[in-house]
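Trainee: Residue 437 is where the sequence shown starts when you use my numbering, and the numbers rise one by one after that.
In this text, a Cβ means the ideal position worked out from N, Cα and C, and glycines have one as well.
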Amino acid sequence: MIGIFGGTFDPVHYGHLRSALEVKELFGLDEVRLIPCYQPPHRDQPKASATMRLQMLQQAINHEPGLIVDSRELDRAGPSYMVDTLKSLREEFSEQTLLLFIGSDAFENLTRWHRWQQLFAYAHLVVLTRPGYAIKTLDSFFNPRLANAKTELSKTPAGSIFFQPVTQLDISATAIRNMIALKQSPRFLLPDAVIEYIQQQQLYQTQ
Ligand code: ATP
């Protein structure tokens, strides 16, 4: 089973990294692919270039076993639609179960994603929630797809939705960028190697 964790990663921080590692272990995944978007279709353009965001991810992961930085959205260019990314992963891994991880904030907006229903043809969706999160009433699209146990997911390659509580770290890239612009230290919110990169490249100096 392969995990997929997409994001802007502007910059990557311990909220992303801890979640990626936790789900790798919880679901017994062979690998989790962290995929920086080239051009986010649903939000403001990132402050750092796609190449810089990719390099920050590489610095952050630093050969952690099972975590892989995947540059396919940069290689494709244009707007980064997750449905295209999953299609290309499915072509590469034709037999594997694919798990797409998203935060519960991203899940709130899922139905605005380009061809969002098609995501389920390629992968299972795993929504990362706070411990104690109550699953809201799901509509007639999601309800029949709800898996009750994570062991169900490995039985099919795609098509289900599952809610997985993970340790919550209240860290956001926006807060980190703001801190840097205010000349406050972001230390202990993201890896030192990423902080060094930000300093070298003089990123996020203004709000
Ligand atoms: P920004 O503040 O710029 O919006 P962000 O910190 O939310 O950025 P993204 O790169 O937009 O980070 O998020 C990528 C994915 O990681 C999304 O699915 C998001 O829900 C999830 N995520 C972001 N922050 C956390 C966190 N602290 N813990 C767990 N998941 C997170």
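With respect to the alpha helix (DSSP H) encompassing F441, which residues constitute its N-terminal and C-terminal limits?
Mentor: Element bounds for F441: not the alpha helix (DSSP H) but the beta strand (DSSP E), 438 to 443.
Trainee: Give a single yes or no on whether G439 has its beta carbon closer than 8 Å to a heavy atom of ligand 1.
Mentor: No, since every heavy atom of ligand 1 falls outside the 8 Å radius drawn around the Cβ of G439.
Trainee: Could you check if Q491 belongs to the surroundings of ligand 1, using beta carbon to heavy atom distance under 8 Å?
Mentor: No, the Cβ of Q491 stays beyond 8 Å of every heavy atom of ligand 1.
Trainee: Quick check on the burial criterion: 16 or more other C-beta atoms within 10 angstroms. Buried or exposed for I571?
Mentor: With fewer than 16 Cβ atoms within 10 Å of its Cβ, I571 is classed as exposed.
Trainee: Which whole-angstrom value describes the C-beta separation of M492 and V630, a residue pair presumed to lie in contact below a C-beta threshold of 8 Å?
Mentor: Correct: roughly 5 Å between the Cβ atoms.
Trainee: Please identify the residue among R566, P627, D520 whose C-alpha is closest to the C-alpha of F599.
Mentor: When each option's Cα is compared against that of F599, the closest is R566.
Trainee: Between the alpha carbons of A559 and L462, how many angstroms are there, rounded?
Mentor: Those two C-alpha atoms are separated by around 17 Å.
Trainee: With I440 and L525 assumed to form a contact (beta carbons below 8 Å), what rounded beta-carbon distance in angstroms separates them?
Mentor: 7 Å between Cβ atoms; contact.
Trainee: Per DSSP, F598 is paired with what?
Mentor: Bridge partners of F598: V562.
Trainee: Here's a check: name, in chain order, each residue in its chain whose Cβ is nearer than 6 Å to the Cβ of A486, leaving out the five neighbours to either side.
Mentor: Y474, L510.
Trainee: Note down, in chain order, each residue of its chain lying with its Cβ closer than 8 Å to the Cβ of L465, except the 5 sequence neighbours on either side.
Mentor: Excluding sequence neighbours, L465 sits near M437, I438, G439, V459, G502, L535.
Trainee: With a cut-off of 9 Å, does the C-beta of A559 fall near any C-beta of chain D?
Mentor: No chain D is present in this structure, which holds just one protein chain.
Trainee: Note the first and the last residue of the continuous beta strand (DSSP E) segment covering G539.
Mentor: Where G539 is concerned, the enclosing beta strand (DSSP E) stretches over 534 to 539.
Trainee: Using the rule of at least 16 other Cβ atoms within 10 Å of the residue's Cβ for burial, across every protein chain shown, is D628 buried or exposed?
Mentor: When all chains shown are included, D628 counts as exposed.
Trainee: Closer than 8 Å: is that where the CB of H550 sits relative to any heavy atom of ligand 1?
Mentor: Checking the Cβ of H550 against ligand 1 gives no.
Trainee: Which partner residues of I471 appear in the DSSP bridge assignment?
Mentor: Answer is G442, bridged to I471.
Trainee: Between A557, Y633, P622, which lies nearest to R581 when the distance is taken from Cα to Cα?
Mentor: If we check each option's Cα against that of R581, A557 comes out closest.
Trainee: Taking only three categories from DSSP, how would you classify V519?
Mentor: Correct three-state label for V519: helix.
Trainee: Report the residue from I634, L605, S621, L618 whose alpha carbon sits nearest the alpha carbon of S455.
Mentor: Nearest of I634, L605, S621, L618 to S455, Cα basis: L605.
Trainee: Could you name the residues that DSSP lists as bridge partners for I631?
Mentor: Paired residues: none, contrary to the question.
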